[in-house]
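Written out below as structure tokens is the structure these notes cover.
Residue numbers (our numbering): 29 to 174.
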């Protein structure tokens with residue numbers, strides 16, 4: 029009487045490896061995009077503090093601040109994060125610049141790219157639009173996508 033073998037055959041193992049490879053080929057790029065979007069959101073978060081300062085300056089003076097100092101903010105190079113090398117204000121526009129160089133660790137896809145938030149004033153209130161920047165549209169926060 030023949031003994032029945034237990035376990036997987038080589039073909040079954042090869043099929044499992046092929047399925048895992050296909051799943052990895054789909055999942056890894058999607059995960060990379062997710063990571064980059066989360067890094068870009070740091071720029072948006074850091075810019076939120078500058079938004080308040082710019083809006084307050086506008087409500088007090090009726091004009092937009094020309095620099096970080098006039099908005100009452102720290103120097104652009106002092107407003108940093110893990111992926112953002114600076115947050116600068118110029119004529120009311122807020123620009124967050126991403127960097128890969130140490131100490132920042134931004135993904136290569138957004139290295140040296142910018143996220144620009146522009147003020148829109150109406151009846152004394154200030155709202156914000158994303159425009160200008162060089163970050164690819166697919167990495168922008170949903171509120172900025174066109």
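For glycine and all other residues, C-beta sits at the position ideal for the given N, C-alpha and C.
Problem set entry | Beta-carbon spacing of residue 102, residue 93 below 9 angstroms | On the chain shown, residue 102 is found 74 positions in, with the first residue counted as 1. On the chain shown, residue 93 is found 65 positions in, with the first residue counted as 1. In this structure, residue 93 does not lie closer than 9 angstroms to residue 102 by Cβ.
Problem set entry | Cα-Cα separation between residue 169 and residue 126, rounded to whole angstroms | Here residue 169 refers to the residue found at position 141 when the chain shown is read from its first residue. Here residue 126 refers to the residue found at position 98 when the chain shown is read from its first residue. Note on geometry: alpha-carbon atoms of residue 169 and residue 126 lie some 15 angstroms from one another.
For this session: May I ask you to verify whether the segment 46-59 touches the segment 149-165, counting CB pairs closer than 8 angstroms and requiring at least 3?
Result: The segment 46-59 vs the segment 149-165: no contact.
Problem set entry | beta strand (DSSP E) segment containing residue 157, residue limits | Working through the chain shown from its first residue, we reach residue 157 at position 129. Residue 157 -> beta strand (DSSP E) spans 153-158.
Exercise. What is the DSSP secondary structure of residue 110, reduced to helix, strand or coil?
Worked result: The residue labelled residue 110 in the question sits at position 82 within the chain shown. Note: residue 110 maps to coil in three-state DSSP.
Problem set entry | Rounded straight-line distance, which links the Cα of residue 40 to that of residue 46 | In the chain shown, the residue the question calls residue 46 occupies position 18. In the chain shown, the residue the question calls residue 40 occupies position 12. Rounded to whole angstroms, residue 46 to residue 40 spans 10 angstroms at the Cα level.
Problem set entry | residue 69 (DSSP reduced to helix, strand or coil) | Sequence index remark: in the chain shown, residue 69 carries index 41 (1-based). Helix at residue 69.
Exercise. Excluding sequence positions up to five away, which residues of its chain have a Cβ less than 7 angstroms from the Cβ of residue 66?
Worked result: Against the chain shown, residue 66 aligns to sequence position 38. Take residue 66, set aside five residues on each side of it, and no residue of its chain has a beta-carbon closer than 7 angstroms to its own.
Exercise. Can you tell me where the beta strand (DSSP E) with residue 125 in it begins and where it stops?
Worked result: Taking the first residue of the chain shown as position 1, residue 125 is located at position 97. Per DSSP, residue 125 belongs to the beta strand (DSSP E) from 121-126.
Problem set entry | Continuous beta strand (DSSP E) stretch holding residue 147: start and end | Here the question's residue 147 lines up with position 119 in the chain shown. Where residue 147 is concerned, the enclosing beta strand (DSSP E) stretches over 142-150.
Problem set entry | Segment contact, 8 angstroms Cβ cut-off, at least three pairs: the segment 135-143 with the segment 81-90 | These segments do not touch.
Problem set entry | Exposed unless 16 or more other CB atoms sit within 10 angstroms - verdict on residue 111 | Against the chain shown, residue 111 aligns to sequence position 83. With 16 or more neighbouring CB atoms inside 10 Å of its own CB, residue 111 falls in the buried class.
For this session: Would you mind sorting residue 148 into buried or exposed? The rule is 16 or more other CB atoms within 10 Å of its CB.
Result: Position 120 of the chain shown, counting from 1, holds the residue named residue 148. Residue 148 is exposed by the Cβ-count criterion.
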